[in-house]
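Here's the structure we're looking at; comments come further down.
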């Protein structure tokens with residue numbers, strides 16, 4: 319435990335002193351503030367004349383405004399944050415030959431990798447919480463609506479899910495930093511994984527679903543069963559990507575109006591009508607129930623990723639260290 | 007005989023696949039001596055050191071360092087033993103003091119003791135003036151001296167030095183050797199020196215062991231080996247002559 323604490327303290331110091339940390343947090347804070355002020359002003363316009371608006375506060379995070387919402391931004395940029403914080407954590411020490419020195423000190427070998435991972439998680443938590451607080455403050459000032467208990471709880475859950483998700487990417491990049499000797503290689507490998515999951519999985523999903531269950535236009539309209547199969551295949555395939563898991567989980571938890579993580583396929587006017595009839599927000603607990611499988615999956619892949627990282631590091635022969 | 011046995015091995019063997027790096031090594035080091043561990047590159051010297059520290063597991067055989075089995079209790083060995091690896095690395099963006107402080111913390115040395123020890127050892131290795139400079143700006147000799155200070159900050163009973171003078175200029179080498187020599191005399195620290203720079207080893211070591219291709223081919227005081235290999239009458243021998251004889255025979 320003592321070893322972990324000492325290395326953790328040093329790693330945190332390294333992060334805070336690094337230009338990289340400054341740049342990333344500045345970028346996230348800047349984008350966050352710009353999005354929020356744009357969205358906030360739009361909401362301000364809409365709210366004029368309304369008597370008692372409800373659930374406005376979360377719109378600050380989910381509403382897309384002119385560009386994209388803060389939630390979308392984190393979903394896209396969060397992985398990069400994790401990758402930047404971890405891609406050279408082990409191989410930097412290996413190249414500068416400090417790793418062999420560390421392992422000959424009276425500490426357990428796993429405290430090195432544990433401390434590196436934990437310090438990364440702590441930095442991510444600091445950036446996330448600071449940004450969310452900043453946006454909330456700015457939002458309260460712009461919109462003038464104070465968040466209630468439920469909105470705050472939804473935000474807290476959002477931050478926790480995001481933290482887990484970004485930690486998954488941190489784990490990926492630390493894993494590559496254990497495997498590859500050169501920092502550039504491990505950064506590129508992590509980026510390749512990121513690009514694969516963020517662009518190609520969704521692309522592949524639609525190609526696959528088109529191939530397996532093509533939707534054909536017939537005289538009587540679209541074949542309903544085929545359409546459902548098509549959607550199901552597309553959905554299942556894209557769930558392979560942690561990005562899809564994350565974005566479904568966060569949009570559902572932040573938007574009480576959403577009652578499912580799936581995309582709705584509305585078949586006819588009656589369905590459309592019934593949807594608009596029953597417009598009421600879901601209680602917090604129900605929203606959590608909907609995304610529980612997503613959250614568990616994210617926790618699982620994060621732990622799995624760190625576990626692999628841990629094993630690879632512990633099994634490496636010291637001579638190569 | 008100077009004292010107790012501090013390092014002892016029993017048929018210590020390490021195999022990497024089909025290749026045997028260290029073959030049934032039997033060695034005994036006494037407390038307070040300066041032992042020179044010689045051999046050509048790739049003879050298994052570093053592997054042996056790694057096994058002594060519990061950083062590599064032996065394939066078979068046993069080792070005992072300060073009374074502990076490094077495979078079973080690496081923690082206890084590492085607490086009491088200093089290891090200066092070949093080409094030691096530092097955190098280049100920190101200064102000498104910060105580097106030493108970090109290592110002291112990892113060794114659980116109380117903070118109030120740490121500062122005193124840092125002052126003492128920086129003075130001893132002659133780096134007090136440069137102690138607030140970033141280590142990245144240090145020369146090779148300064149880095150090596152800082153490495154010695156870093157190893158000694160935990161006040162070990164036994165120190166393994168892997169090629170401590172390699173890459174140093176003649177003056178730096180001399181100062182390093184004087185420092186090492188004074189450590190053994192003043193602090194009664196046992197030194198285990200792995201090197202292939204024979205003239206240096208001859209200057210400071212009480213006993214030497216010669217390792218070739220994983221086998222310990224000779225062990226003993228230099229005069230004894232000289233007598234054995236070069237004949238009784240010869241007085242003016244160098245370690246190099248002895249070493250080359252063994253090397254050709256192997």
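Chains as they are written, first to last, in this note's numbering: chain R, 319 to 639; chain H, 7 to 256.
For every residue, glycine included, the Cβ atom is placed at its ideal position computed from N, Cα and C.
Taking all protein chains in view, the Cβ of residue 507 of chain R is crowded by 16 or more other Cβ atoms within 10 Å, so the residue is classified as buried.
Under DSSP, residue 41 of chain H shares a beta bridge with H/198, H/213.
Residue 69 of chain H is bridged by DSSP to H/15.
Residue 473 of chain R and residue 545 of chain R have their C-alpha atoms roughly 35 Å apart. Cβ-Cβ separation between residue 407 of chain R and residue 495 of chain R: approximately 5 Å, consistent with a contact (criterion under 8 Å). C-alpha of residue 417 of chain R to C-alpha of residue 321 of chain R: approximately 14 Å in a straight line.
Residue 204 of chain H places its beta carbon 8 Å or farther from that of residue 40 of chain H. Listed as beta-bridge partners of residue 28 of chain H by DSSP are H/20. Taking 8 Å as the CB threshold, residue 94 of chain H lines the interface with chain R. In the three-state reduction of the DSSP assignment, residue 227 of chain H falls in the strand class, which pools E and B. Residues of the segment 412-433 of chain R whose Cβ lies closer than 7 Å to any Cβ of chain H, in chain order: 414, 415, 416, 418, 419, 421, 422, 423, 424, 425.
Ranked by Cα distance from residue 409 of chain R, the first of R/376, R/503, R/520 is R/503. At least one CB of chain R lies nearer than 8 Å to the CB of residue 111 of chain H. For residue 246 of chain H, the enclosing alpha helix (DSSP H) stretches over residues 245-255.
For residue 214 of chain H, the closest alpha carbon among the candidates H/43, H/86, H/165 is that of H/43. Taking a C-beta distance under 8 Å as the contact criterion, residue 89 of chain H and residue 414 of chain R do not qualify as a contact pair. Put simply, the segment 22-34 of chain H does not touch the segment 87-107 of chain H. Fewer than three CB pairs are less than 8 Å apart. The DSSP assignment places 519-530, 542-556 as complete runs of the alpha helix (DSSP H) inside the segment 509-564 of chain R, in order along the chain (cut-off: 4 residues). Residue contact check for residue 328 of chain R against chain H: a CB pair falls below 8 Å. Excluding the 5 residues flanking it on each side, residue 456 of chain R has same chain C-beta neighbours closer than 6 Å at 354, in chain order. Nearest Cα to residue 13 of chain H within the set H/202, H/166, H/220: H/166. Along the segment 142-159 of chain H, there is no position whose C-beta sits under 7 Å from a C-beta of chain R.
DSSP places residue 36 of chain H in the strand class (E or B) of the three-state scheme. Taking C-alpha positions only, residue 53 of chain H is separated from residue 117 of chain H by approximately 34 Å.
According to the DSSP assignment, residue 178 of chain H belongs to the alpha helix (DSSP H) that extends over 176-193. Cβ contact annotation for residue 162 of chain H (same chain, cutoff 8 Å, sequence separation greater than five): 86, 87, 88, 195, in chain order.
Remark: C-beta atoms of residue 433 of chain R and residue 326 of chain R approach each other more closely than 8 Å. DSSP places residue 97 of chain H outside both helix and strand once states are collapsed to three, so it counts as coil. Interface criterion not met: the Cβ of residue 438 of chain R is under 8 Å from no Cβ in chain H. In the DSSP secondary-structure assignment, residue 167 of chain H is bridged to H/90, H/199. Its chain contains 567, 570, 571 as the residues whose beta carbon lies nearer than 6 Å to that of residue 609 of chain R, once the 5 sequence neighbours on both sides are disregarded; these appear in chain order. The beta carbon of residue 199 of chain H is closer than 6 Å to those of 42, 167 in its chain, skipping five residues each way along the sequence.
Rounded to the nearest whole angstrom, the CA to CA distance from residue 80 of chain H to residue 60 of chain H is 5 Å. Residue 573 of chain R is classed as buried because its beta carbon has at least 16 other beta carbons within 10 Å across all chains shown. Not one beta carbon of chain R lies nearer than 8 Å to the beta carbon of residue 161 of chain H.
Straight across, the Cα-Cα distance linking residue 396 of chain R with residue 139 of chain H is about 37 Å.
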